[in-house]
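Inspection log for the structure reproduced underneath, given as structure tokens.
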Amino acid sequence: MGIWPYIGRRLAQSILVLLLVSVATFALAHAVPGDPIETVLGERAAGDPEIRAAAERRYGFDQPVPLQYVYFMRNLFHGDLGESITTRRPVMEDLRQFVPGTIELAIAAMLFAIVVGIPLGIIGAVKQDRWPDHVARFIALIGASVPVFWLGLLALYVFFYKLHWLPGPGRLDTGMQAPERITGMVTVDAALRGEWTVFRSSIAHLILPATVLGSFALGIIARMLRSSLIAALGDDYVRTARAKGLSEQGVVVRHAIRNAMIPTVTVLGLTFAGLLAGAVLTETIFSWPGIGRYSVQAALKLDYPSLLGVTLFVATAYVLVNFIVDLIYGLLDPRIRIA
Amino acid sequence: MVALTAATRSPSDAALSLNADRPHRSPLGDIAHTLRQRPLAIVGIGIVLVWLILGVLAPVLPIADPNVQNLTARLKPPSSAHLLGTDELGRDIFSRIIWGARVSVPAGIAVILVTGVVGCALGAIAGYFGGPVEAVIMRAADVILSFPSIILAMTITAVRGGPGLGNALIAVGFVLWPEYARLMRGQVLAIRESEFVTAAKAMGAGERRVLFRHILPSTDAPIVVKATLDVGAAIVLTAGLSFIGLGAVPPTAEWGAMIKQGADKGLQYWWYALVPGVAIMSVVMGLNFFGDGLRDALDPRRRGR
Numbered sequence: 000m001g002i003w004p005y006i007g008r009r010l011a012q013s014i015l016v017l018l019l020v021s022v023a024t025f026a027l028a029h030a031v032p033g034d035p036i037e038t039v040l041g042e043r044a045a046g047d048p049e050i051r052a053a054a055e056r057r058y059g060f061d062q063p064v065p066l067q068y069v070y071f072m073r074n075l076f077h078g079d080l081g082e083s084i085t086t087r088r089p090v091m092e093d094l095r096q097f098v099p100g101t102i103e104l105a106i107a108a109m110l111f112a113i114v115v116g117i118p119l120g121i122i123g124a125v126k127q128d129r130w131p132d133h134v135a136r137f138i139a140l141i142g143a144s145v146p147v148f149w150l151g152l153l154a155l156y157v158f159f160y161k162l163h164w165l166p167g168p169g170r171l172d173t174g175m176q177a178p179e180r181i182t183g184m185v186t187v188d189a190a191l192r193g194e195w196t197v198f199r200s201s202i203a204h205l206i207l208p209a210t211v212l213g214s215f216a217l218g219i220i221a222r223m224l225r226s227s228l229i230a231a232l233g234d235d236y237v238r239t240a241r242a243k244g245l246s247e248q249g250v251v252v253r254h255a256i257r258n259a260m261i262p263t264v265t266v267l268g269l270t271f272a273g274l275l276a277g278a279v280l281t282e283t284i285f286s287w288p289g290i291g292r293y294s295v296q297a298a299l300k301l302d303y304p305s306l307l308g309v310t311l312f313v314a315t316a317y318v319l320v321n322f323i324v325d326l327i328y329g330l331l332d333p334r335i336r337i338a
Numbered sequence: 000m001v002a003l004t005a006a007t008r009s010p011s012d013a014a015l016s017l018n019a020d021r022p023h024r025s026p027l028g029d030i031a032h033t034l035r036q037r038p039l040a041i042v043g044i045g046i047v048l049v050w051l052i053l054g055v056l057a058p059v060l061p062i063a064d065p066n067v068q069n070l071t072a073r074l075k076p077p078s079s080a081h082l083l084g085t086d087e088l089g090r091d092i093f094s095r096i097i098w099g100a101r102v103s104v105p106a107g108i109a110v111i112l113v114t115g116v117v118g119c120a121l122g123a124i125a126g127y128f129g130g131p132v133e134a135v136i137m138r139a140a141d142v143i144l145s146f147p148s149i150i151l152a153m154t155i156t157a158v159r160g161g162p163g164l165g166n167a168l169i170a171v172g173f174v175l176w177p178e179y180a181r182l183m184r185g186q187v188l189a190i191r192e193s194e195f196v197t198a199a200k201a202m203g204a205g206e207r208r209v210l211f212r213h214i215l216p217s218t219d220a221p222i223v224v225k226a227t228l229d230v231g232a233a234i235v236l237t238a239g240l241s242f243i244g245l246g247a248v249p250p251t252a253e254w255g256a257m258i259k260q261g262a263d264k265g266l267q268y269w270w271y272a273l274v275p276g277v278a279i280m281s282v283v284m285g286l287n288f289f290g291d292g293l294r295d296a297l298d299p300r301r302r303g304r
């Protein structure tokens, strides 16, 4: 099968899932106990009959439920996710403010996980069942067993409180002004504007949360690469490569790793969802202004519009990332397109 | 195809094949034999059992009352009087950890039992009946799997009216069933076409009887392994919800909530948050050790290695 039918089919599947995600979010919004208008506007505003009537028209609360869904979708396509009860601003605006922080953190965490996890996986496979493998597996196992929020506290205690090697919670040193917004990612904006003191501070603040958040992904990447590389090293084409006299290093690097990377790439997509989930807890510990911390505060204050906005955004991002991963997968391995 | 399948194939394919070189043992004997060769697996289940027993015996153990406040001994570091120190109300942390085992460990096991059984039942129904029933169940599973678990769990807890251990556990169960449904559906799809199923139908067995008496008993290994590992995941997820303030509420001695209270007090009271974290880590690691051993024991390709 060519690549286009494959892309088309995956795209159709993704759109279907996104539609169902919107239905699920809509259903969650309706599962909230109490008055829906109060849920969207807050108690005070909902008491005003004029505001109430306007909201009823805007969200279609006076219509039958299936029609309300149509209103919901129409508002969604206009970028209207309602108004946050806590910040009193449109949820969309809040998302625009907080999403870059999370993306910055997730990218840094992913970089850490890839840079450390891939060598760990390769060592584990090449030195299978010898001590480097055991050490690598033990690290991966700890990464999988430790609650991320506790690891964050431990890291803060050791590297900030005791050793003073790294700064504490927050994105910049106290008293430091964030650079004027371009992307919303402080490290990138500082570099773009040439504010190097701010840049250094923002990188220093990024190290601990990114390492803590990435530790979870690191374990997954290392384990996945190890097992697929062990399988690849037992394959016929590896025997052929060895038989024609290639060095062991050449066999591993040029033949085995290339094939073993394919399943690892898929896992990266799943890991991304894990990172977004981990960001909820990591951002809470490190007072990191991202959507994770925003959603926690929304959940605690029962600020449903904000919470549902984040939920919808994150699920959409996850579906899109998985779609992209599947595309890469299909390009890397033609056999997948048939399945 | 080998590189791909070896990494992604479920152990069940191989578990069905017979290994002629092995001495004759019952399937359970095989599992026990392999587990005995995996000391880590024994250590793992040992750790979990110790926590469970400590939790069950908490009321009769000679330890301090977990809820008795002693305002003259607030936030004291570990000492001979309080082995693991005290919290901001002067309560004994050692005793609260043991009482916490009574909450966290059984809650994790119970959630997985319920969500596993429900997920498997839905997956089996989807796989066996196919058609619109399957479409509805599996698309619902897809949707739930496209939300990161903690965010969906947070939303469900909030929608159910806010913090509380019960709401947190319902949320955790709700986000975990789809994976069981997927696994079980795959297995049922494979078994549905077997000759013994055709035979049972030919003998006049009804749909329900075929599904529950013939197909379900033939499904196996991966689900048990997954459930073992997931108990750890459920404990961590529940603790995470408690940590952000959506799970157990004071004064319940729950490990995640204790970490939160410790973190709120400040890093200088390191023992407060450290101890419950070690407790969670030990249980989850124990379950991971045991789950890995169980996986090896249930997979003939890995036996005897």
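Keeping their order, the protein sequence lines are chains W and H. Per numbering that gives the first Met the number 0, residue 0 is the first one in the first sequence, and the count goes up by one each step. Per numbering that gives the first Met the number 0, residue 0 is the first one in the second sequence, and the count goes up by one each step. Ideal Cβ positions, reconstructed from N, Cα and C, are used throughout, including at glycine.
Could you check whether the Cβ of H:Leu121 sits closer than 9 Å to any Cβ belonging to chain W?
Cβ-Cβ to chain W under 9 Å: no for H:Leu121.
Report the option in W:Gly249, W:Asp93 and W:Leu224 whose CA atom is closest to the CA atom of W:Tyr236.
Ranking the options by Cα distance to W:Tyr236, first place goes to W:Gly249.
Using the C-alpha atoms, what's the distance from W:Asn321 back to W:Gly1?
When the Cα atoms are used, W:Gly1 and W:Asn321 turn out to be separated by approximately 20 Å.
If you count every other CB in all the chains shown that lies within 10 Å of the CB of W:Pro262, and 16 or more means buried, which is it?
That one is buried.
With W:Asp93 and W:Thr86 assumed to form a contact (beta carbons below 8 Å), what rounded beta-carbon distance in angstroms separates them?
Confirmed, about 6 Å.
Using a Cβ-Cβ cut-off of less than 7 Å, give me the residues of the region 115 to 146 of chain H that come near chain W, in sequence order.
Arg138, Asp141, Val142, Ser145 and Phe146: these are the residues of the region 115 to 146 of chain H whose beta carbon lies less than 7 Å from some beta carbon of chain W, given in chain order.
For W:Gly1 and chain H, any beta-carbon pair shorter than 9 Å?
Interface criterion not met: the Cβ of W:Gly1 is under 9 Å from no Cβ in chain H.
Backbone CA spacing between W:Arg9 and H:Arg184 [nearest angstrom]
CA-CA distance, W:Arg9 to H:Arg184, rounds to 21 Å.
For W:Pro89, which residues does DSSP report across the bridge?
Paired residue(s): W:Glu82.
Residues bridged to H:Thr85 (per DSSP)
Residue pairing for H:Thr85: DSSP places it in a beta bridge opposite H:Asp91.
Which first and last residues belong to the alpha helix (DSSP H) in which H:Lys225 is found?
First-last of the alpha helix (DSSP H) with H:Lys225: Pro221 to Phe242.
Assuming H:Ser25 and H:Ala63 form a contact by the criterion Cβ under 8 Å, report the distance between their Cβ atoms to the nearest whole angstrom.
H:Ala63 and H:Ser25 do not touch by the CB rule: their CB atoms are close to 47 Å apart, not below 8 Å.
Chain W beta carbons: is any one of them nearer than 9 Å to that of H:Met284?
By the rule that beta-carbons nearer than 9 Å mark a contact, H:Met284 touches chain W.
Check whether chain W comes within 9 Å of H:Gly107, counting only Cβ atoms and requiring the distance to be less than that.
H:Gly107 does not count as touching chain W.
Tell me which residues share the same chain as W:Ile106 and place their Cβ nearer than 8 Å to its Cβ, disregarding the 5 neighbours each side in the sequence.
Excluding the 5 residues flanking it on each side, W:Ile106 has no same chain C-beta neighbour closer than 8 Å.
Counted within 10 angstroms of its Cβ, other Cβ atoms place W:Val31 as buried (16 or more) or exposed
Classification of W:Val31: buried, given that the 10 Å Cβ count is 16 or more.
Buried or exposed for H:Met202, going by 16 or more other Cβ atoms inside 10 Å?
It counts as exposed.
Checking contacts by CB at 9 Å: is H:Pro162 closer than that to chain W?
Taking a beta-carbon distance threshold of 9 Å, H:Pro162 counts as an interface residue toward chain W.
Closer than 9 Å, Cβ to Cβ, to anything on chain W: give me those residues from the region 84 to 109 of chain H, in chain order.
So the list is empty, because no residue satisfies the distance condition.
Cross-chain neighbours of H:Ala272 in chain W, by beta carbon under 9 Å
Correct list: Trp149, Leu152, Leu153 and Tyr156.
Compare the C-beta of W:Val98 with all C-beta atoms of chain H and state if any pair is closer than 9 Å.
Look at W:Val98: its C-beta is not under 9 Å from any C-beta on chain H.
Contacts around W:Pro89, its chain only, beta-carbon distance under 8 Å, and the 5 residues preceding and following it disregarded
These residues qualify, in order along the chain: Asp79, Leu80, Gly81, Glu82 and Ser83.
Does the beta-carbon of W:Ser246 have 16 or more other beta-carbons within 10 angstroms, so that it is buried, or is it exposed?
Result: exposed.
Residue range of the alpha helix (DSSP H) that includes W:Ile141:
Boundaries of the alpha helix (DSSP H) harbouring W:Ile141: Trp130 to Ser144, taken from the DSSP string.
What three-state label does DSSP hand W:Asp61 in the structure shown?
Here DSSP, grouped into helix, strand and coil, assigns W:Asp61 to coil.
H:Val55 versus H:Pro250 - alpha carbon distance
Answer to the nearest angstrom: the Cα atoms are 19 Å apart.
Are the C-beta of W:Ile84 and some C-beta of chain H separated by less than 9 Å?
No, no contact with chain H.
Below 8 Å on the Cβ atoms is my guess for H:Ile305 versus W:Trp130; work out the distance and round it to an integer in Å.
Nothing can be reported for residue 305 of chain H, as the shown portion of chain H is limited to 0 through 304.
Residues near W:Ala135 by beta carbon distance below 8 Å, same chain, minus five either side
Excluding sequence neighbours, W:Ala135 sits near Leu119, Gly120, Ile122, Gly123, Ala221 and Arg225.
With the cut-off set at 9 Å, would you say H:Pro147 and W:Val313 are in Cβ contact?
In this structure, H:Pro147 places its C-beta atom within 9 Å of the C-beta atom of W:Val313.
Segment limits, alpha helix (DSSP H) that includes H:Phe211:
If you look at H:Phe211, you'll find it isn't in any alpha helix (DSSP H); DSSP assigns it neither H nor E.
Once DSSP output is grouped into helix, strand and coil, what is the label at H:Val248?
If DSSP states are grouped into helix, strand and coil, H:Val248 belongs with coil.
Can you grab the Cα-Cα spacing for the pair H:Ile234 / H:Arg101, in whole Å?
Going from the Cα of H:Ile234 to the Cα of H:Arg101 covers about 12 Å.
So what does DSSP say about H:Gly129, is it helix, strand or coil?
Coil at H:Gly129, not helix or strand.
Using a Cβ cut-off of 9 Å, pull out every chain W residue sitting near H:Ile279, in sequence order please.
Result: Ser144, Val145, Pro146 and Trp149.
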